[in-house]
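Enquirer:
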Amino acid sequence: MAAPGSAIKHTFSSLVKQKPPKTSPTKSRGTMAVSMKEVDPVFQAAGQKDGLEIWRIEKLQVVPVPKESHGKFFTGDSYVILKTTALKNGSFRHDIHYWLGKNTSQDEAGTAAIKTVELDAALGGRAVQYREVQGNETEKFLSYFKPCIIPEEGGVASGFRHTEVNEREHQTRLFVCRGKHTVHVKEVPFARSSLNHDDIFILDTKSKIFQFNGSNSSIQERAKALEVVQYLKDTNHDGKCEVAAVEDGKLMADADAGEFWALFGGFAPLPRKPFSELNGKDSASTSKLLCVNKGQTAPIDSEILTRELLDSTKCYLLDCGSEIYAWMGRETTLEERKRAGSAAEELLREGNRSRSHIIRLMEGFETVIFRSKFDKWPKKADAVVSDESRGKVAALLKRQGFNFKSPAKAAPVKQEPQPQIDCTGNLQVWRVNGSEKTFLSFSEQCKFYSGDCYIFQYTYPGENGDECLIGTWFGKKSVQEERSAATSLADKMIESLKFQAVLVRVYEGKEPIEFFPIFQNLVIYKGGTSTGYKKFISEKGIEDDTYSESGVALFRVQGSGPENMQAIQVDTAASSLNSSYCYILHDGDTVFTWIGNLSSSMDQELAERQLDVIKPNLQSRLLKEGSEYDQFWKLLGVKSEYSSQKIVRDQESDPHLFACTFSKGVLKVREIFNFTQDDLMTEDIFILDCRSCVFVWVGQRVDTKIRAQALNIGEKFLELDILMENVSRETPLYVITEGSEPQYFTRFFTWDFAKSAMHGNSFERRLSIVKDGVKPRADPKRRPTTSAHTGRSSVPDKSQRSRSMSFSPDRVRVRGRSPAFNALAANFENPNARNLSTPPPVVRKQLPKSVSPDSSKPPPRTASIAAISASLERPKATLIPKSIKANPEANKPQTEASKPKPETNAKEINPTNDNPAATPTVQEDVKESQAEGEEGLLVYPYDRLRTSSTNPATDIDVTRRETYLSSTEFRERFGMTKEAFAKLPKWKQNRLKIALQLF
1 MAAPGSAIKH TFSSLVKQKP PKTSPTKSRG TMAVSMKEVD PVFQAAGQKD GLEIWRIEKL
61 QVVPVPKESH GKFFTGDSYV ILKTTALKNG SFRHDIHYWL GKNTSQDEAG TAAIKTVELD
121 AALGGRAVQY REVQGNETEK FLSYFKPCII PEEGGVASGF RHTEVNEREH QTRLFVCRGK
181 HTVHVKEVPF ARSSLNHDDI FILDTKSKIF QFNGSNSSIQ ERAKALEVVQ YLKDTNHDGK
241 CEVAAVEDGK LMADADAGEF WALFGGFAPL PRKPFSELNG KDSASTSKLL CVNKGQTAPI
301 DSEILTRELL DSTKCYLLDC GSEIYAWMGR ETTLEERKRA GSAAEELLRE GNRSRSHIIR
361 LMEGFETVIF RSKFDKWPKK ADAVVSDESR GKVAALLKRQ GFNFKSPAKA APVKQEPQPQ
421 IDCTGNLQVW RVNGSEKTFL SFSEQCKFYS GDCYIFQYTY PGENGDECLI GTWFGKKSVQ
481 EERSAATSLA DKMIESLKFQ AVLVRVYEGK EPIEFFPIFQ NLVIYKGGTS TGYKKFISEK
541 GIEDDTYSES GVALFRVQGS GPENMQAIQV DTAASSLNSS YCYILHDGDT VFTWIGNLSS
601 SMDQELAERQ LDVIKPNLQS RLLKEGSEYD QFWKLLGVKS EYSSQKIVRD QESDPHLFAC
661 TFSKGVLKVR EIFNFTQDDL MTEDIFILDC RSCVFVWVGQ RVDTKIRAQA LNIGEKFLEL
721 DILMENVSRE TPLYVITEGS EPQYFTRFFT WDFAKSAMHG NSFERRLSIV KDGVKPRADP
781 KRRPTTSAHT GRSSVPDKSQ RSRSMSFSPD RVRVRGRSPA FNALAANFEN PNARNLSTPP
841 PVVRKQLPKS VSPDSSKPPP RTASIAAISA SLERPKATLI PKSIKANPEA NKPQTEASKP
901 KPETNAKEIN PTNDNPAATP TVQEDVKESQ AEGEEGLLVY PYDRLRTSST NPATDIDVTR
961 RETYLSSTEF RERFGMTKEA FAKLPKWKQN RLKIALQLF
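Here it is, written out as structure tokens:
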């Protein structure tokens with residue numbers, strides 16, 4: 001029997017030699033010059049939804065394969081496989097494969113190749129086409145059928161041979177498995193001579209499955225082979241059979257090994273692996289470009305391959321040895337494309353390269369690997385002709401009487417993903433000064449300068465225990481020395497936490513979506529205050545433009561709500577304005593608020609809130625775009641044109657996972673297609689690229705020297721621009737250690753925390769799963785942290801935590817709330833207590849002159865009062881979070897946090913912590929349920945006073961909403977008494993009011 005792809009004769013010749021219809025359309029630049037009458041009507045509904053579609057060639061006709069039979073292939077058949085992927089931008093990506101069994105007929109193989117071209121035409125010429133030969137499939141193809149495909153002997157009656165499907169009972173079979181990330185499985189004769197030291201073998205007997213691990217095989221290969229064992233166990237044994245691992249070299253010392261060798265007639269030395277198999281795929285030192293003209297190939301003489309060599313009216317072959325690419329110009333006919341495919345097949349036969357792949361590409365839809373073969377391939381433009389071409393197919397087939405559906409599009413995903421981080425955690429911030437870091441107080445931790453570098457540590461409640469994020473933020477004008485110092489200091493903090501924290505590197509203007517909600521209200525000023533920045537501008541003779549309250553400054557206000565808003569100082573010029581935003585302009589005590597015509601009411605509200613941060617206690621003049629004062633333009637220099645388009649951050653694209661090897665400063669990557677959590681091996685480093693940010697995942701068993709290079713590996717990846725997307729070198733980089741995966745990483749997988757908590761290497765973990773299954777974790781893991789309660793404390797009630805930053809009154813954050821008042825809030829939010837959002841009618845009531853602690857004891861509040869008293873009497877040591885007991889270094893950040901601050905926020909905001917007299921005051925307020933405040937004002941519950949209330953209180957002074965709270969609820973919400981609040985500076989009062997929606 002001739003191999004698949006040999007000279008095609010008989011019936012198939014008619015398919016190749018058929019003449020194109022006389023009515024073929026005229027060629028026009030940018031359109032498909034194909035005859036739609038040549039498209040098989042069976043493809044009329046193909047590629048309109050995400051997933052797999054498979055057809056088998058039966059009697060030279062294309063017949064759909066039912067979904068339940070997907071992944072089942074016969075060695076005597078040929079198949080056409082379409083993989084449709086719905087992309088985040090709402091479009092579809094199509095990959096077509098035609099698979100040729102080792103015993104398929106010549107006619108079936110040729111028909112599959114031709115029908116693949118027709119299917120591509122029906123899809124509008126947008127698909128990439130792959131030739132797959134049994135035993136040498138591409139990794140992308142195998143990823144559709146994880147963990148493997150095991151073709152069965154036999155096939156359907158077709159062409160000039162007929163093979164009966166072998167329906168047999170279970171018999172002992174031997175398989176060889178190869179591949180570290182994707183497994184190629186091949187059945188070999190059940191004989192000792194089939195075994196070797198380099199591969200992994202699976203022996204499937206009636207009652208037991210053995211995995212024999214060659215001594216030269218890697219741990220990762222062994223782990224991947226166990227996925228095949230699991231597949232055989234489930235498929236052939238209904239999940240009920242024993243599994244045994246046999247190590248090469250153990251001989252008869254192990255019971256399972258003895259049983260294994262007995263099946264082969266006893267132990268004997270194994271043969272060496274054939275040299276041809278060790279060599280692997282065919283390869284070529286250089287790439288050769290050939291032009292296809294009427295089925296004949298002619299080489300293109302050029303030392304350097306450039307895009308300009310490819311003509312849209314022609315087809316070309318790029319011979320790279322292990323792959324042959326057939327590039328088809330958009331203005332070529334369907335007949336020319338079929339001939340180009342035949343020419344590629346002929347090229348393989350002439351060179352006796354049965355292991356090489358053929359990949360057919362349409363102009364405008366080239367793969368990254370193909371484009372990388374050319375020098376400076378131009379930036380890929382979005383193709384716009386595909387839907388038009390597919391529409392032509394639909395129209396023509398409808399005229400012929402077929403019910404062809406119109407081109408479909410995937411439902412586009414949300415424009416902006418929501419931050420996947422809890423916003424109720426503890427925040428600490430340091431500014432880098434030279435080679436040291438200086439702790440910032442609560443009032444300063446949300447004020448950044450573009451000339452400085454910062455380190456932040458954010459500890460928050462995660463899905464699987466406490467999580468910690470340590471990051472560096474580099475201002476646009478910051479100096480390299482301080483950037484390096486920030487990186488080094490952050491690395492030491494990560495190391496002190498035993499690598500159980502996530503590290504992120506952030507550049508100004510490229511912040512990830514999780515960054516801003518952590519800071520809630522961030523102001524970024526021009527200039528800098530660090531020693532490195534001051535030294536740099538002094539040495540270079542650069543004018544110091546550091547922000548001054550008394551000078552002229554322009555701020556752009558942006559954000560999505562009170563918990564995510566920023567004021568960014570921009571150049572004081574008219575060109576800095578944008579109709580989609582609001583701006584604050586000040587010249588000393590003269591303040592303007594400029595409202596862009598395209599800004600929203602939320603933008604205007606945020607501008608009002610930011611005024612109380614930038615210029616508290618000053619009245620601003622409101623200017624709408626188009627009605628500005630002359631003084632406004634005078635401050636901005638000269639009136640000029642400005643933008644009206646919203647500033648768009650890098651959009652998240654479809655994720656790509658890459659396995660990495662890093663040696664001697666050289667990074668090599670290999671893409672893992674259709675990835676899952678099981679693809680992450682504890683011995684390796686992986687990179688997850690979603691364009692808007694890049695994650696470097698480090699396995700627990702990665703060498704410590706390589707682990708230390710994780711951030712450098714991520715930077716090398718950005719430098720290489722693997723996906724050729726002109727990615728920025730300043731893209732946010734995360735470094736994540738196995739076992740500390742945050743939700744904003746795990747959301748790209750179907751994640752099982754029980755798997756990530758397992759011990760042992762990849763093979764030992766997988767073997768445990770195959771034998772015993774995955775055992776759920778009994779207790780959530782509490783990750784160690786050195787965080788001090790210097791910033792804000794987490795909300796104790798789990799129901800109040802939100803994994804996104806959408807503003808909700810049920811998840812109000814008060815910065816600096818002590819654990820005592822968290823306990824207060826938790827107890828008064830008890831579901832058994834009265835619902836304060838639906839209070840009884842407000843009644844004026846005279847307060848008694850004195851209240852005895854024992855005079856009245858309302859039952860619903862007794863437990864709450866006891867909890868308050870207990871909380872306030874706790875020793876101060878309870879304010880310190882858990883730290884790593886085994887590592888004395890873990891306490892360093894905590895020590896540094898407390899050094900520069902004689903007055904911590906806990907003392908500022910909680911002056912009653914050390915005052916035992918505070919407790920009776922709380923009791924007095926609770927007992928009397930006072931309806932009138934100290935100033936004779938009516939008392940309203942918080943839910944009626946907040947700005948987003950659905951039942952707002954009327955007849956109140958909206959600038960003093962907080963004064964209408966009872967003393968008890970005021971202390972619950974603000975974490976302090978009204979007297980302490982009144983002593984705070986105005987800007988701090990406003991910040992607290994903003995956080996509570998009382999501003």
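At position 871 of the sequence shown (counting the first as 1) the number is 871 in the UniProt record's numbering, and the numbers step up by one without a gap.
Quick reminder that beta carbons are idealized off the backbone N, C-alpha and C, glycines included.
When DSSP builds the beta bridges, which residues end up paired with Q558?
Expert: Along the sequence shown, read from residue 1 onward, the residue named residue 558 stands at position 558. Its beta-bridge partners are Q566.
Enquirer: What did DSSP end up calling P916 once you bin it into helix, strand or coil?
Expert: Here residue 916 refers to the residue found at position 916 of the sequence shown. Any reading at P916 must be qualified, since the residue scores a pLDDT of 38, below 50, and its modelled position is unreliable; the value itself is stated next. Coil, per DSSP.
Enquirer: To the nearest angstrom, report how far apart F74 and W99 are at their CA atoms.
Expert: Along the sequence shown, read from residue 1 onward, the residue named residue 74 stands at position 74. Along the sequence shown, read from residue 1 onward, the residue named residue 99 stands at position 99. C-alpha separation (whole angstroms): 10 Å.
Enquirer: Would you call the CB atoms of F516 and N578 closer than 7 Å?
Expert: Taking the sequence shown and counting its residues from 1, one reaches residue 516 at position 516. Taking the sequence shown and counting its residues from 1, one reaches residue 578 at position 578. No, these two residues do not count as a Cβ contact at 7 Å.
Enquirer: Could you tell me whether the segment 530-544 touches the segment 490-504, where touching means 3 or more Cβ pairs closer than 8 Å?
Expert: The segment 530-544 makes no contact with the segment 490-504; the number of CB pairs closer than 8 Å stays below 3.
Enquirer: Kindly indicate which three-state DSSP category S793 falls into: helix, strand or coil?
Expert: The residue you call residue 793 lines up with position 793 of the sequence shown. For S793, the predicted structure reports a pLDDT of 39, less than 50, and the residue's modelled location is therefore unreliable. The matter cannot be settled from this model.
Enquirer: Considering only residues of the same chain and omitting the five flanking positions on each side of K978, which have a CB-CB separation below 6 Å?
Expert: In the sequence shown, counting from the first residue as 1, residue 978 sits at position 978. Once the five neighbours on either side are set aside, the close Cβ partners of K978 are F970.
Enquirer: Could you give the distance in angstroms between the alpha-carbon of I359 and the alpha-carbon of R131?
Expert: As a working note, residue 359 is residue 359 in the sequence shown. As a working note, residue 131 is residue 131 in the sequence shown. Between the alpha carbons of I359 and R131 lies a gap of roughly 6 Å.
Enquirer: What residue range does the beta strand (DSSP E) around D95 cover?
Expert: As a position in the sequence shown, residue 95 is number 95, starting the count at 1. First-last of the beta strand (DSSP E) with D95: F92 to L100.
Enquirer: For E514, which of S478, L469 and E549 has the nearest alpha-carbon?
Expert: To locate residue 514, count along the sequence shown from 1; it is residue 514. Checked all of S478, L469 and E549; the closest Cα to E514 is L469.
Enquirer: Looking only at DSSP bridge pairs, what is Q211 linked to?
Expert: For this step, residue 211 is matched to residue 211 along the sequence shown. I202 and A245, per the DSSP bridge assignment.
Enquirer: On a CA-only basis, which of A268, L347 and Q420 is nearest Q296? Give me that one, please.
Expert: Against the sequence shown, residue 296 aligns to sequence position 296. Out of A268, L347 and Q420, L347 has the C-alpha closest to the C-alpha of Q296.
Enquirer: Count the other CB atoms, across all protein chains shown, that sit within 10 Å of the CB of V506; report buried if there are 16 or more and exposed otherwise.
Expert: Residue mapping note: residue 506 aligns to position 506 of the sequence shown, counting from 1. With 16 or more other Cβ atoms within 10 Å, it is buried.
Enquirer: Using CA coordinates, which residue listed in C453, M493 and N464 is at the minimum distance from E481?
Expert: Against the sequence shown, residue 481 aligns to sequence position 481. Checking every option, the nearest Cα to that of E481 belongs to C453.
Enquirer: With H, G and I counted as helix, E and B as strand and the rest as coil, what does DSSP make of P41?
Expert: Residue 41 sits at position 41 when you count from the first residue of the sequence shown. DSSP places P41 in helix when its eight states are reduced to three.
Enquirer: Pull up the distance between the alpha-carbon of K240 and that of Q230, whole angstroms please.
Expert: Numbered from 1 along the sequence shown, position 240 holds the residue referred to as residue 240. Numbered from 1 along the sequence shown, position 230 holds the residue referred to as residue 230. Going from the Cα of K240 to the Cα of Q230 covers about 10 Å.
Enquirer: Taking the CB atoms as reference points, tell me whether V698 and I687 lie closer together than 7 Å.
Expert: Position 698 of the sequence shown holds residue 698. Position 687 of the sequence shown holds residue 687. Annotated as distal: V698 and I687, with beta-carbon spacing of 7 Å or more.
Enquirer: Considering only the alpha carbon of each residue, which of Q220, K206 and T593 lies closest to D238?
Expert: Position 238 of the sequence shown, counted from the first residue, corresponds to residue 238. For D238, the nearest C-alpha among the options comes from K206.
Enquirer: Give the single residue among A344, E242, Y547 and A980 whose Cα lies nearest to the Cα of K771.
Expert: The sequence position of residue 771 within the sequence shown is 771, counting from 1. The option with the nearest alpha carbon to K771 is E242.
Enquirer: For the beta strand (DSSP E) containing H181, name the first residue and the last one.
Expert: Counting from 1 along the sequence shown, the entry for residue 181 is found at position 181. No beta strand (DSSP E) holds H181; DSSP gives it neither H nor E.
Enquirer: To the nearest angstrom, how far is the alpha carbon of V570 from that of I956?
Expert: Counting from one through the sequence shown, the residue named residue 570 turns up at place 570. Counting from one through the sequence shown, the residue named residue 956 turns up at place 956. Straight-line Cα distance between these residues: approximately 38 Å.
Enquirer: Three-state secondary structure (DSSP) at F260?
Expert: Within the sequence shown, the letter at position 260 stands for residue 260. Here F260 sits in helix by DSSP.
Enquirer: Which residues mark the beginning and the end of the beta strand (DSSP E) in which S601 is found?
Expert: On the sequence shown, position 601 is the one that residue 601 refers to. Here S601 belongs to no beta strand (DSSP E); instead the alpha helix (DSSP H) covers S601 to I614.
Enquirer: Am I right that Y316 and L290 are in contact with their C-beta atoms under 8 Å? What's the rounded C-beta distance?
Expert: Your numbering for residue 316 matches position 316 in the sequence shown. Your numbering for residue 290 matches position 290 in the sequence shown. Confirmed, Cβ separation roughly 7 Å.
Enquirer: Which residues share a DSSP beta bridge with R56?
Expert: Numbered from its first residue, the sequence shown carries residue 56 at position 56. DSSP output for R56 lists V63 and Y79 as bridge partner(s).
Enquirer: Taking 6 Å as the line, does the beta carbon of R56 fall inside it for any heavy atom of the ligand PLP?
Expert: Ligands displayed in this structure: none; no statement on the ligand PLP is therefore possible.
Enquirer: Can you tell me which of the three DSSP states Y533 falls into?
Expert: Counted from its first residue, the sequence shown places residue 533 at position 533. Y533 falls in the helix class under three-state DSSP.
Enquirer: Let me know the secondary structure DSSP gives R131 once reduced to three states.
Expert: Translated into positions along the sequence shown, residue 131 becomes position 131. In the structure shown, R131 sits in a strand (DSSP, three-state: E or B).
Enquirer: Would you kindly work out how many angstroms separate the C-alpha atoms of E308 and G364, rounded to a whole number?
Expert: Residue 308 sits at position 308 when you count from the first residue of the sequence shown. Residue 364 sits at position 364 when you count from the first residue of the sequence shown. If I take the Cα positions, the gap works out to 13 Å.
Enquirer: Let me know if L440 comes out buried or exposed under the rule of 16 or more other beta-carbons within 10 Å of its beta-carbon.
Expert: Taking the sequence shown and counting its residues from 1, one reaches residue 440 at position 440. Classification of L440: buried, given that the 10 Å Cβ count is 16 or more.
Enquirer: Using a threshold of 7 Å, state whether the C-beta atoms of I200 and C177 are closer than that.
Expert: Residue mapping note: residue 200 aligns to position 200 of the sequence shown, counting from 1. Residue mapping note: residue 177 aligns to position 177 of the sequence shown, counting from 1. Yes, the Cβ-Cβ distance between I200 and C177 is below 7 Å.
Enquirer: Rounded to the nearest angstrom, what separates G551 and T590 at their Cα positions?
Expert: Locating residue 551 in the sequence shown gives position 551, counting from the first residue. Locating residue 590 in the sequence shown gives position 590, counting from the first residue. So the alpha carbons of these two residues sit roughly 10 Å apart.
Enquirer: Do you know offhand how far E508's Cα is from S627's?
Expert: Reading the sequence shown from its first residue, position 508 is the one you call residue 508. Reading the sequence shown from its first residue, position 627 is the one you call residue 627. Cα-Cα distance, rounded: 33 Å.
Enquirer: Please classify Y629 as buried or exposed, where buried requires at least 16 other C-beta atoms within 10 Å of its C-beta.
Expert: Reading the sequence shown from its first residue, position 629 is the one you call residue 629. Y629 comes out exposed.
Enquirer: Quick check: what's the CA-CA separation for Y458 versus Q428?
Expert: Here residue 458 is taken as the residue at index 458 of the sequence shown, counted from 1. Here residue 428 is taken as the residue at index 428 of the sequence shown, counted from 1. So the alpha carbons of these two residues sit roughly 7 Å apart.
Enquirer: Looking only at C-alpha atoms, which of S576, N674 and C690 sits nearest to K639?
Expert: Residue mapping note: residue 639 aligns to position 639 of the sequence shown, counting from 1. Of the candidates S576, N674 and C690, the one whose C-alpha sits nearest the C-alpha of K639 is S576.
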